Amino acid sequence: MLRSLVSLYSILSLADIATSQYTTNAEAAFKQLQTWYNTSSGLWSTTGWWNAANCLTVIGDLAAIDSSVKSTVTGVMSNTFTQAQTYNLQMTKVVMVNYNYLSIYGNDTGALNGLALAGNIPVQASTTVNPQGFLNDFYDDEGWWALGWIQAYDVTGNSDYLTMAEDIFADMKNATTTPCSNGARLYLSVSAHLANRATGSDKANYLTIAKNQWNWFKGTGMINSQGTINDGLTNSSNNGLSVNWAGPFVATANASTESSALDALVAAAAIGV
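In mature numbering (1 follows the signal peptide of the UniProt record, and there is no 0), the protein residues as written are -20 to -1, 1 to 253.
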């Protein structure tokens, strides 16, 4: 018994050391990341619009577990919320011949000369001049910002951030009339995250959307025989890419009393891999 206690103490001590090292590394990465933060634009220089939303989310992840950076992070969140809304974003997105996306900042389509593009998919050139909030011409970009503001709400409790995420999601719902019914993982992820934070009828509505997206997703053929998820749809519902996107389904399961979404996906993926 004494040997077991000593072993347990040693394991716990090593775990504390490892956790401390992870925190130190994360703080160092945060400090370096902020050298690119532009207080005037509220964005991170040299990165893109939706990537800045990822930066917002990840510093929120750190602030949620590390009180030493929380004050700095909440200040960044407040500044980005004010400044980034005025950023005049223009972007062109195209689908390459191999069905990979390419994003170019600006709307000069001349920059596409010489590129091998998918001939059956039109070029999407943003004409946005005065963005409203964190909306633009691309629903995936909006989804990243919605997730960023949900995380900011979790860290700060500022309801303005949650309201912004809800407003962004309301715009994303406009894509439900498309052939894939807005079958984007970010649409599912945002609806599931909102369901975990809303109450009453709002919670029920968000959860219904998330479940409907899950049911649509199950029928697309993107979940392959290995239990991993193909990264998109072609006309044959199979692009040969096996990238596992489990996060939205975890959020859906957390918002629901039913665990089938999580069990069916994550367990199958673990066995398949």
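Just so you know, even glycine gets a beta-carbon here, dropped at the ideal spot from N, CA and C.
These numbers were taken from a predicted model, which means no experiment stands behind them.
CA-to-CA distance, residue j to residue i, given in whole angstroms
i, j, result
"residue 146", "residue 174", "8 Å"
"residue 46", "residue 53", "10 Å"
"residue 64", "residue 34", "14 Å"
"residue 39", "residue -2", "17 Å"
"residue 55", "residue 19", "10 Å"
"residue 125", "residue 79", "24 Å"
"residue 131", "residue 187", "18 Å"
"residue 41", "residue 50", "10 Å"
"residue 66", "residue 73", "21 Å"
"residue 12", "residue 6", "10 Å"
"residue 21", "residue 61", "10 Å"
"residue 96", "residue 156", "30 Å"
"residue 245", "residue 134", "In this prediction, residue 245 scores a pLDDT of 45, lower than 50, which makes its location untrustworthy; the coordinate-derived value is nonetheless stated afterwards. Going from the Cα of residue 245 to the Cα of residue 134 covers about 26 Å."
"residue 57", "residue 198", "36 Å"
"residue 208", "residue 191", "19 Å"
"residue 154", "residue 14", "35 Å"
"residue 189", "residue 181", "12 Å"
"residue 136", "residue 94", "47 Å"
"residue 183", "residue 92", "44 Å"
"residue 81", "residue 169", "20 Å"
"residue 140", "residue 185", "20 Å"
"residue -4", "residue 116", "44 Å"
"residue 1", "residue 48", "15 Å"
"residue 254", "residue 37", "Nothing can be reported for residue 254, as the shown portion of the chain is limited to -20 through 253."
Short Cβ contact (8 Å threshold) for residue i with residue j
i, j, result
"residue 201", "residue 167", "no"
"residue 121", "residue 30", "yes"
"residue 83", "residue 28", "yes"
"residue 171", "residue 193", "yes"
"residue 9", "residue 23", "no"
"residue 148", "residue 118", "no"
"residue 204", "residue 195", "no"
"residue 142", "residue 177", "yes"
"residue 26", "residue 16", "yes"
Endpoints, the alpha helix (DSSP H) within which residue i is located
i, result
"residue 186", "180 to 198"
"residue 177", "Careful: residue 177 lies outside any alpha helix (DSSP H) and carries neither H nor E."
"residue 129", "119 to 136"
"residue 148", "139 to 152"
Nearest-angstrom Cβ-Cβ length linking residue i and residue j, presumed shorter than 8 Å
i, j, result
"residue 255", "residue 76", "In this structure the chain extends from -20 to 253, so residue 255 is not present and cannot be described."
heavy atom of the ligand FMN below 7 Å from residue i C-beta
i, result
"residue 137", "Inclusion of the ligand FMN in the displayed structure is not the case, the ligand content being empty and no account of it being possible."
Q: Quick one: which unbroken alpha helix (DSSP H) runs of 4-plus residues sit fully inside the stretch 18 to 50? Chain order, please.
A: 29 to 43
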